[in-house]
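Please read the structure below before turning to the comments.
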Amino acid sequence: MTKDQLAQKIVRAIDKDETLMDVDKTTVKAVLNAFAEVVTATVAGGDAVTLRGFGSFVPARKAAKKARNIAKGETLLIPAHTAPRFNPSDEFYQRVRQSTSLPNSSPA
């Protein structure tokens with residue numbers, strides 16, 4: 441699902457709830473962009489972002505390791521670094537796990 445498709449689904453979900461104000465797709469996309477920017481900056485700064493019932497975006501420290509460039513036969517050293525990680529909440533995990541629908545995929 442693209443950001444545009446997600447924004448459209450959010451607009452439809454908000455429209456169904458008559459207690460919420462009217463919003464348009466442009467506003468929702470702006471909120472999604474701001475959300476992504478804030479989460480990215482927070483995790484890049486070394487802090488976690490936790491959304492109860494959804495999950496946590498956390499910085500994960502990766503140790504230095506050796507790798508091989510098979511084409512050249514060289515050994516490379518990948519330095520220690522921080523990578524982003526998403527840890528789903530138990531609620532999120534169980535809901536996805538119990539889902540019977542799988543995305544359309546072509547056999548490899």
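Numbering (this note's numbering), first residue to last: 441 to 548. Note that beta-carbon positions come from the ideal geometry of N, C-alpha and C, so glycine has one too.
At a Cβ-Cβ threshold of 7 angstroms, Phe526 and Phe494 do not count as neighbours. If you look at Ile510, you'll find it isn't in any alpha helix (DSSP H); DSSP assigns it neither H nor E. Three or more Cβ pairs closer than 8 angstroms define a contact, and the region 505 to 524 falls short of that threshold against the region 461 to 469. Within the model, the alpha-carbon separation for Ile518 versus Ala484 is close to 19 angstroms. At a Cβ-Cβ threshold of 7 angstroms, Thr522 and Pro499 count as neighbours. Shown here, Ala488 sits in coil according to DSSP, grouped into three states, outside any helix or strand.
According to the DSSP assignment, Phe532 belongs to the alpha helix (DSSP H) that extends over 530 to 538. A straight line joining the alpha-carbon of Glu458 with that of Glu531 spans about 26 angstroms.
Closest by C-alpha distance to Arg501, out of Leu491, Arg535, Ala520, is Ala520. Ser539 and Thr515 have their C-alpha atoms some 43 angstroms from each other.
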